[in-house]
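Numbering (our numbering), first residue to last: 127 to 210.
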């Protein structure tokens, strides 16, 4: 079964493990959006993790899922106000 945008967003917003990463995305949404548009969904994660080195490991551990989130941001299916 394919996950929808809402399911992935809901998972992102409700994940205890991703609380600090979610805050990083919320606090730096415009910068992260530029990284995604400039470097792509995956490569942007390197620059995103460098914004706060405390989150580097958790970003690396959740790379596949965060690429999906980045893709949704790139295509404007996830917006700033959607991240809780």
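Heads up, the beta-carbon is just placed ideally off N, CA and C, and yes, glycines get one too. As the structure is a prediction and not an experimental result, all values here were calculated from the model.
Have a look at residue 154 and residue 198 and give me their C-alpha separation to the nearest angstrom. Indexing the chain shown from 1 puts residue 154 at position 28. Indexing the chain shown from 1 puts residue 198 at position 72. Approximately 16 Å between the Cα atoms of the pair.
For the alpha helix (DSSP H) that residue 167 lies in, which residues bound it at each end? The residue you call residue 167 lines up with position 41 of the chain shown. No alpha helix (DSSP H) holds residue 167; DSSP gives it neither H nor E.
Can you tell me which of 184, 201, 167, 204 puts its alpha carbon nearest to the alpha carbon of residue 141? Here the question's residue 141 lines up with position 15 in the chain shown. Restricting attention to 184, 201, 167, 204, the CA atom closest to the CA of residue 141 is found in 184.
Should residue 204 go down as buried or exposed, given a rule of 16 or more other Cβ atoms within 10 Å for buried? As a position in the chain shown, residue 204 is number 78, starting the count at 1. Residue 204 is buried by the Cβ-count criterion.
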